[in-house]
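*Asks:* Take this structure first; my questions come after.
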Amino acid sequence: MRRRLEELLDKLDWALKMLDAFLVTRDPAAAKSAEAFEGLRSTIEASGRGRRRHLTQLATIDVSLRLDESPDRVLEIVRSQIQQFAQLEGLKCIDAWQEDLAPAFSIDGPPSGSTEVIVPAYVDEADGTLVKEGVARRTRRAEIEPLPETDTGEGE
Numbered sequence: 201m202r203r204r205l206e207e208l209l210d211k212l213d214w215a216l217k218m219l220d221a222f223l224v225t226r227d228p229a230a231a232k233s234a235e236a237f238e239g240l241r242s243t244i245e246a247s248g249r250g251r252r253r254h255l256t257q258l259a260t261i262d263v264s265l266r267l268d269e270s271p272d273r274v275l276e277i278v279r280s281q282i283q284q285f286a287q288l289e290g291l292k293c294i295d296a297w298q299e300d301l302a303p304a305f306s307i308d309g310p311p312s313g314s315t316e317v318i319v320p321a322y323v324d325e326a327d328g329t330l331v332k333e334g335v336a337r338r339t340r341r342a343e344i345e346p347l348p349e350t351d352t353g354e355g356e
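Just so you know, the working numbering puts 303 at position 103 of the sequence shown, and the rest follows in order with no gaps.
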């Protein structure tokens with residue numbers, strides 16, 4: 201009975217949202233409609249700006265790849281540019297192990313031990329959203345074996 205009531209309430213909530221959307225788009229002169237259309241306009245505008253920024257970044261990287269430099273130097277230049285772009289966009293690269301950031305990684309190996317990052321994780325600094333999961337590997341801690349006793353010949 202309760203489950204059925206919850207389903208009916210969900211359907212009613214959905215129907216009210218659809219009715220609200222219909223009323224907003226039917227009368228663009230209403231204050232609520234103007235607000236909704238302004239939000240849509242600014243979202244579309246921001247999307248265009250983001251796309252242009254991304255195209256500019258790609259063009260910048262392409263120019264760097266065409267430089268008459270050694271492959272190592274070109275790699276260094278492109279890596280630096282990508283790090284600058286990532287910083288401007290608020291993309292944080294996690295390339296050193298931090299236990300509190302473990303959820304950002306797929307972890308291979310035993311459940312405990314020392315952990316090393318194999319592939320960095322990337323997080324949106326604005327809201328902490330995981331952009332790309334990293335990979336880490338745990339290794340067992342090496343057992344320290346006692347040194348064998350040696351006869352030094354002293355004390356005899």
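We put the beta carbon where it would ideally sit given N, CA and C, even for glycine. As the structure is a prediction and not an experimental result, all values here were calculated from the model.
Could you compute how far the alpha carbon of residue 281 sits from the alpha carbon of residue 261?
*Replies:* The straight-line gap from Cα to Cα measures roughly 7 Å.
*Asks:* What did DSSP end up calling residue 269 once you bin it into helix, strand or coil?
*Replies:* Note: residue 269 maps to coil in three-state DSSP.
*Asks:* Residue 308 bridges to which residues according to DSSP?
*Replies:* 337.
*Asks:* Once the 5 residues before and after residue 315 are set aside, which same chain residues still bring their CB inside 6 Å of it?
*Replies:* Closer than 6 Å at Cβ, skipping near neighbours: 297, 336, 338.
*Asks:* Can you tell me where the beta strand (DSSP E) with residue 301 in it begins and where it stops?
*Replies:* That residue, residue 301, is in no beta strand (DSSP E); it is neither H nor E in DSSP.
*Asks:* Could you give the DSSP three-state label for residue 324: helix, strand or coil?
*Replies:* Three-state result, residue 324: strand.
*Asks:* Name the residue from 322, 307, 285 whose alpha carbon lies nearest to the alpha carbon of residue 295.
*Replies:* Selected option, being the one with the closest Cα: 322.
*Asks:* I'd like the span of the beta strand (DSSP E) that includes residue 315, first residue to last.
*Replies:* 314 to 319 is the extent of the beta strand (DSSP E) around residue 315.
*Asks:* Determine the closest residue to residue 285 out of 304, 259, 272, with distance taken between C-alpha atoms.
*Replies:* Residue 259 is the option with its Cα nearest to residue 285.
*Asks:* Going by Cα to Cα distance, which pick from 240, 324, 253 is closest to residue 291?
*Replies:* Comparing Cα positions, the closest option is 324.
*Asks:* Please return the same chain residues whose Cβ sits closer than 6 Å to the Cβ of residue 218, not counting the five positions on each side in sequence.
*Replies:* Around residue 218: no qualifying Cβ.
*Asks:* Can you pull the DSSP bridge partners for residue 209?
*Replies:* Its beta-bridge partners do not exist; DSSP assigns none.
*Asks:* At 3 residues or longer, what runs of the beta strand (DSSP E) sit wholly inside the stretch 220 to 295?
*Replies:* For the stretch 220 to 295, whole beta strand (DSSP E) runs of length 3 or above, ordered along the chain, are 291 to 294.
*Asks:* Here's the rule: buried if 16 or more other CB atoms are within 10 angstroms of the residue's CB, otherwise exposed. What is residue 305?
*Replies:* Result: buried.
*Asks:* Roughly how many angstroms lie between the CA atoms of residue 264 and residue 309, to the nearest whole one?
*Replies:* So the alpha carbons of these two residues sit roughly 39 Å apart.
*Asks:* To the nearest angstrom, how far is the alpha carbon of residue 204 from that of residue 216?
*Replies:* Between residue 204 and residue 216, the C-alpha separation is close to 18 Å.
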